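Heads up, the thing below is written out as structure tokens.
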Ligand SMILES: Cc1ncc(COP(=O)(O)O)c(C=O)c1O
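In the working numbering, the protein residues as written are 16 to 416.
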């Protein structure tokens, strides 16, 4: 989006504020479906956790996407946004049987990732088809916290436990209609992805009633100039060929499913903050903005690099800054970054702020969560109000001392 448009949005809605470009989301969706256009049945299920605003979900629905959800609340958000239950897959990890039953009663596709729940669910609901999440024991992902398909990971049922899965299926007479994996985020090497896919194909042969194979997600998007991204077009070509061949071998046209979060929304997002203080110290120049890791935790949590531009002075001379927040502990957004000269009051835009930014925001330090704005058909639309003091205290119960 153009700097002037972002500046106008910051001036109209105040800061800090999240802004999402619907056109970028739509073009990423198209890019992904185009990459797999040789496969007859493809299903994209947008991962709600990345950015769960209802208006964004509605946009995904209008593009033809389904939803990938991990909690009963995300399922309910999807239904409120107008998705039909058949277009929602529910992939929880470590939740109670009761929560899974609630989701099943809402009619969504259940994806189970442990043997204990598989056995309990299959015994109680043998007629509800279930997808199973496999752990292929592949190390893939940009950071240990987001690599989830390896042997030490808590996710999925080990490929070495297939005989146990089959025993449960046989004893309960349940139907397995899908198999799934998600090995991690920010996967750079498509060969690792293809290798894991081969494991999934091998696993699939054990199940005779499959309707779909879900390859999860983990596509890497660029975060800075010259950054590597997953070559989705090449990946599409290679996996489509293998998938089509597998379907022939399997003897049935299956649906190829993905559940991207980052790929669809990361680059569409901008987080706009105002510089409160420019502080020279003996070692650096801090630009302190009206936000902190309460609003955007990724740099502190994962060491992620969000490009930061000074949209109030885009053509200014570049200087080095450490961009930090106002939280009462270290909350560094960027260290030693080259940014156009900053004056107090300037608006800094953080890029790649669509995925895992607002959705991970909190009220730490009793701060308000920011507003969210969707840029749609050439106009800004407020899609979430900034919180107020009422939001901070509304669930608190004051006792008499
Ligand atoms: C099960 C599952 N599917 C999909 C995703 C989305 O991954 P990404 O945002 O890398 O596309 C995640 C992310 O954590 C996930 O856990």
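Positions of the beta carbon are idealized from the N, C-alpha and C atoms, including for glycine. Computed from a prediction, not measured in an experiment: that's the story for all the values here.
Distance between residue 282 and residue 301, taken at the CA atoms: about 26 Å.
Pairing residue 81 with residue 416, the inter-Cα distance amounts to about 51 Å. Exposed is the label assigned to residue 353, since fewer than 16 other Cβ atoms lie within 10 Å of its Cβ.
The beta carbon of residue 244 is closer than 7 Å to those of 235, 236, 237 in its chain, skipping five residues each way along the sequence.
One thing to note: residue 144 has its Cβ no nearer than 7 Å to the Cβ of residue 121.
Looking at the DSSP output, residue 60 sits in a beta bridge with 81. For residue 368, the shortest separation between its Cβ and any heavy atom of ligand 1 does not lie below 6 Å.
The beta carbon of residue 314 sits closer than 8 Å to the beta carbons of 308, 320, 321, 347, 348, 349 from its chain, once the five residues preceding and following it are set aside; these are given in chain order.
Using a cutoff of 6 Å, the CB of residue 272 does not count as near ligand 1, since none of the ligand's heavy atoms is closer than that. Per the DSSP secondary-structure output, residue 318 pairs with nothing in a beta bridge. Taken in chain order, the whole beta strand (DSSP E) runs of length 3 or more contained in the region 300 to 378 are 300 to 304, 323 to 325, 333 to 339, 347 to 355, 362 to 365. Take the alpha-carbon of residue 397 and the one of residue 266: they are about 49 Å apart. Counting along the chain, the unbroken alpha helix (DSSP H) around residue 252 starts and ends at 247 to 265. Note that the C-beta distance between residue 83 and residue 65 is not below 7 Å. In terms of Cβ geometry, residue 42 and residue 391 do not form a close pair [threshold 7 Å]. Taking 6 Å as the cut-off, the C-beta of residue 321 does not count as close to any heavy atom of ligand 1.
With a cutoff of 7 Å on beta-carbon distance, residue 290 and residue 359 are scored as near each other. Counting C-beta pairs with one atom in each stretch, the region 23 to 33 and the region 359 to 379 have three or more that are closer than 8 Å, which means they touch.
Within the region 105 to 182, the complete alpha helix (DSSP H) segments at least 4 residues long are 112 to 120, 130 to 139, listed from N- to C-terminus.
In summary, residue 201 is buried, with 16 or more beta-carbon neighbours lying within 10 Å of its beta-carbon over all protein chains present. Here the distance from the Cβ of residue 39 to the nearest heavy atom of ligand 1 is not below 6 Å.
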